[in-house]
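Undergrad:
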Amino acid sequence: MNSWPDTGTSAALRQKYATDLALDRDGEWLQAFADVPRHVFVPRYFTQGTDTAWQPVSWGDVGYLEAVYADAALTTQLDEQGIPTSSSSQPSVMLAMLEALDVHDGHRVFELGTGTGYNTALLSHRLGEARVTSVDVDPGLVAAAIGRLKQAGHSPTLAAGDGALGYPRRAPYDRIIATAGLHAIPPALLEQAAEGAVIVAPLGYGIVRAQVTAPGHATGRFLPTPAHFMALRAASTAPDLDAVRGENPGRTSVAPRDVLERLKFPLSLALPGYTSCTWKDDHGQVTAVGLWTADGSVATVDTTGTVRQSGPVRLWDSVEELAATFTDNIARDDFLLTITPTRQTVTYRETGGPGWHLPTLSR
Ligand SMILES: C[S@@+](CC[C@H](N)C(=O)[O-])C[C@H]1O[C@@H](n2cnc3c(N)ncnc32)[C@H](O)[C@@H]1O
Numbered sequence: 076m077n078s079w080p081d082t083g084t085s086a087a088l089r090q091k092y093a094t095d096l097a098l099d100r101d102g103e104w105l106q107a108f109a110d111v112p113r114h115v116f117v118p119r120y121f122t123q124g125t126d127t128a129w130q131p132v133s134w135g136d137v138g139y140l141e142a143v144y145a146d147a148a149l150t151t152q153l154d155e156q157g158i159p160t161s162s163s164s165q166p167s168v169m170l171a172m173l174e175a176l177d178v179h180d181g182h183r184v185f186e187l188g189t190g191t192g193y194n195t196a197l198l199s200h201r202l203g204e205a206r207v208t209s210v211d212v213d214p215g216l217v218a219a220a221i222g223r224l225k226q227a228g229h230s231p232t233l234a235a236g237d238g239a240l241g242y243p244r245r246a247p248y249d250r251i252i253a254t255a256g257l258h259a260i261p262p263a264l265l266e267q268a269a270e271g272a273v274i275v276a277p278l279g280y281g282i283v284r285a286q287v288t289a290p291g292h293a294t295g296r297f298l299p300t301p302a303h304f305m306a307l308r309a310a311s312t313a314p315d316l317d318a319v320r321g322e323n324p325g326r327t328s329v330a331p332r333d334v335l336e337r338l339k340f341p342l343s344l345a346l347p348g349y350t351s352c353t354w355k356d357d358h359g360q361v362t363a364v365g366l367w368t369a370d371g372s373v374a375t376v377d378t379t380g381t382v383r384q385s386g387p388v389r390l391w392d393s394v395e396e397l398a399a400t401f402t403d404n405i406a407r408d409d410f411l412l413t414i415t416p417t418r419q420t421v422t423y424r425e426t427g428g429p430g431w432h433l434p435t436l437s438r
């Protein structure tokens with residue numbers, strides 16, 4: 076018998092949700108999405124009202140079950156400043172990643188980013204708990220996920236720690252999935268990958284699927300699916316907006332909107348880990364965009380075409396270069412990741428297109 080609530084409403088909503096998600100798919104994951112109760116893993120989420128204050132929503136609140144069984148990412152944890160630190164990812168993106176992972180019976184899987192434990196539960200449902208290992212940097216989340224997984228009938232191996240270091244004790248892994256945004260594939264995960272292993276991970280604003288071809292070597296394309304995953308946790312750097320305000324202005328013909336939409340993915344490869352912000356007028360229209368990177372570089376541009384840049388790297392010059400290269404809409408699956416023991420490189424349309432070396436990780 077279930078020790079978690081499952082009313083006729085939640086069961087019916089879950090069945091419809093799974094059917095809608097897996098529509099036109101081969102159905103491999105349909106049963107997992109239909110059986111695993113997302114509400115057990117997301118007993119509470121936070122929603123932002125028009126005044127931008129976060130409100131908790133839980134079982135019994137109006138709209139809770141409908142939101143849990145909708146194709147929406149849900150913020151599940153906030154820090155003291157109200158910045159989201161964990162979420163349950165958008166189910167259709169989870170499904171695209173799980174399908175790309177191409178698991179088969181007997182595969183051992185490592186997951187970076189346990190979060191709520193929902194994806195861990197889907198993997199455990201499909202492969203059996205003995206085959207699944209998941210690590211989250213937040214010990215509180217791991218403790219909660221262990222309890223929820225148990226309630227849902229699964230006891231995979233969970234650990235608190237830096238997922239970029241993998242979990243060597245249970246390696247090698249046939250499949251590796253990251254659910255936190257990366258700037259490159261962590262070397263430890265490549266070391267812990269079995270021969271022929273598949274790695275699916277958010278890289279910048281895309282999701283890459285790479286296959287290990289030899290020790291330390293892997294290659295693969297990005298999925299067409301856009302991605303907006305929370306980054307691996309690291310100390311955040313505040314931009315020095317005063318410094319950039321004092322710089323001499325330049326002119327650009329690239330619209331701020333292009334930075335926020337069309338160029339977002341290649342920009343995340345060219346400027347790994349960049350952050351952006353917007354300024355809006357009283358009608359909610361964007362009037363300016365700011366960009367910054369961890370080395371202290373900052374650029375701002377407004378809708379009149381005025382640009383200001385400060386710091387060691389001229390960030391707007393990268394934007395201009397990308398705008399000149401990518402004049403049409405960008406298909407993520409035209410981008411290829413190639414990993415060797417010394418370098419990770421993304422190339423666009425292989426021959427003649429631009430390429431970016433991803434930042435090498437020290438861990
Ligand atoms: C989008 S959430 C994961 C969603 C999760 N798979 C689920 O189904 O709920 C991203 C998670 O990555 C975790 N994370 C961030 N940095 C990490 C790191 N260095 N190692 C392991 N986990 C990390 C966060 O704590 C957060 O829980």
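The sequence shown: position 120 = 195 (my numbering), numbered continuously. Virtual Cβ for every residue (Gly too), placed ideally from N, Cα, C. Fair warning: this is a prediction, and the values are worked out from it, not measured in the lab.
For the stretch 408-422 against the stretch 286-301, do three or more pairs of beta-carbon atoms, one drawn from each stretch, fall closer than 8 Å, so that the two count as touching?
TA: Contact holds: three or more Cβ-Cβ distances are below 8 Å.
Undergrad: With a Cβ-Cβ cutoff of 8 Å, do Gln384 and Ala374 count as a contact?
TA: In this structure, Ala374 lies closer than 8 Å to Gln384 by Cβ.
Undergrad: Could you give the distance in angstroms between the alpha-carbon of Gly138 and the alpha-carbon of Thr151?
TA: Each residue's Cα considered, the two are about 16 Å apart.
Undergrad: To which residues of the same chain is Phe185 closer than 8 Å at the C-beta, ignoring the five residues directly before and after it?
TA: So the qualifying residues of the chain are Thr208, Ser209, Val210, Gly241, Tyr242, Arg245, Ala246, Tyr248, Arg250, Ile251, Ile252, Leu264 and Gln267.
Undergrad: Let me check understanding here. Comparing Cα to Cα, which of Ala218, Arg332, Leu298 and Pro429 lies closest to Ala406?
TA: Closest option to Ala406, Cα to Cα, is Leu298.
Undergrad: Helix, strand or coil, according to DSSP, for Gln226 in the structure here?
TA: In this structure, Gln226 counts as helix in the three-state DSSP scheme.
Undergrad: According to DSSP, simplified to helix, strand and coil, what is Pro214?
TA: Correct three-state label for Pro214: helix.
Undergrad: Could you compute how far the alpha carbon of Val364 sits from the alpha carbon of Ser351?
TA: Spanning the two alpha carbons is a distance of roughly 7 Å.
Undergrad: Pairing CB atoms from the stretch 187-205 with CB atoms from the stretch 221-237, are three or more of them under 8 Å?
TA: Short answer: they touch.
Undergrad: Let me make sure I understand the geometry here. Which of Thr327, Val319, Leu173 and Pro159 has the alpha-carbon closest to that of Gly386?
TA: It is Val319.
Undergrad: Measuring only the C-alpha atoms, how far is Ala93 from Ala109?
TA: Near 5 Å, if we compare the C-alpha coordinates of Ala109 and Ala93.
Undergrad: So, under 8 Å CB-CB, Thr189 and Leu216 are touching, yes? Tell me the CB distance rounded to an integer number of Å.
TA: Indeed they touch by this definition, with Cβ atoms about 6 Å apart.
Undergrad: Mapping DSSP to helix, strand and coil, what is Val143?
TA: Three-state DSSP puts Val143 in a helix.
Undergrad: Using C-beta distances below 7 Å, list every residue in its chain close to Pro118, excluding the 5 sequence neighbours before and after it, in chain order.
TA: These residues qualify, in order along the chain: Ser133 and Trp134.
Undergrad: For Ile260, count the other beta carbons within 10 Å of its own beta carbon; 16 or more makes it buried, fewer makes it exposed. Which is it?
TA: Per the 10 Å Cβ criterion, buried.
Undergrad: Need the endpoints of the alpha helix (DSSP H) that Ala107 sits in, please.
TA: Counting along the chain, the alpha helix (DSSP H) containing Ala107 begins and ends at Leu105 to Asp110.
Undergrad: Which stretch, first to last residue, makes up the beta strand (DSSP E) that contains Gly430?
TA: Its beta strand (DSSP E) spans residues Gly430 to His432.
Undergrad: Three Cβ pairs or more, each shorter than 8 Å: is that satisfied between the stretch 396-405 and the stretch 339-347?
TA: Touching, yes.
Undergrad: Compare the C-alpha of Trp367 against each of Thr378, Ala345 and Thr381 and name the closest.
TA: Trp367 has its Cα closest to that of Ala345, out of Thr378, Ala345 and Thr381.
Undergrad: Report all residues from its chain with a CB closer than 6 Å to the CB of Ala310; omit the five preceding and five following residues, and keep chain order.
TA: Any reading at Ala310 must be qualified, since the residue scores a pLDDT of 45, below 50, and its modelled position is unreliable; the value itself is stated next. For Ala310, where only same-chain residues beyond five positions count, there are no Cβ hits under 6 Å.
Undergrad: Assuming Gly279 contacts Pro347 under a Cβ cut-off of 8 Å, what Cβ separation, rounded to an integer in Å, is found between them?
TA: With a Cβ gap of about 7 Å, Gly279 and Pro347 count as contacting.
Undergrad: Residue ranges of each beta strand (DSSP E) run of no fewer than 3 residues wholly in the stretch 154-194, ordered along the chain?
TA: Runs found: 159-163 and 184-187.
Undergrad: Hey, could you find the ends of the alpha helix (DSSP H) Tyr377 is sitting in?
TA: The amino acid at residue 377 is misidentified as Tyr; the sequence shows Asp. It is not in any alpha helix (DSSP H) - Asp377 instead sits in the beta strand (DSSP E) that spans Val373 to Asp377.
Undergrad: For the candidate residues Gln106, Ile158, Ile274 and Leu140, whose alpha-carbon lies nearest to that of Leu127?
TA: Sequence inspection shows Thr at residue 127; the Leu mentioned does not correspond to that position. Residue Ile158 is the option with its Cα nearest to Thr127.
Undergrad: Following a CB-centred definition, is Met305 positioned closer than 7 Å to any heavy atom of ligand 1?
TA: Yes.
Undergrad: With 16 as the cutoff for other CB atoms within 10 Å, does Gly256 come out buried or exposed?
TA: Buried.
Undergrad: Just tell me which of Gln165, Ala87 and Ala276 has its CA closest to the CA of Leu187.
TA: The candidate whose alpha carbon is nearest that of Leu187 is Ala276.
Undergrad: Let me make sure I understand the geometry here. Which of Leu170, Ala147 and Gln156 has the alpha-carbon closest to that of Leu98?
TA: Comparing Cα-Cα distances from Leu98 to each of Leu170, Ala147 and Gln156, the minimum goes to Leu170.
Undergrad: Between the alpha carbons of Leu307 and Ala147, how many angstroms are there, rounded?
TA: C-alpha separation (whole angstroms): 21 Å.
Undergrad: Quick check: is any heavy atom of ligand 1 less than 7 Å from the C-beta of Gly188?
TA: Yes.
Undergrad: Indicate whether Ala220 and Thr195 have their beta-carbon atoms separated by less than 8 Å.
TA: Closer than 8 Å, so yes.
Undergrad: Please list the segments of the beta strand (DSSP E) lying wholly inside the stretch 279-350, counting only runs of 3 or more residues, in order along the chain.
TA: Correct list: 281-289 and 292-296.
Undergrad: Quick check on Arg389: does DSSP put it in helix, strand or coil?
TA: If DSSP states are grouped into helix, strand and coil, Arg389 belongs with coil.
Undergrad: Let me check you understand the geometry: is the CB of Ser161 closer than 7 Å to at least one non-hydrogen atom of ligand 1?
TA: Yes, ligand 1 has a heavy atom inside 7 Å of this Cβ.
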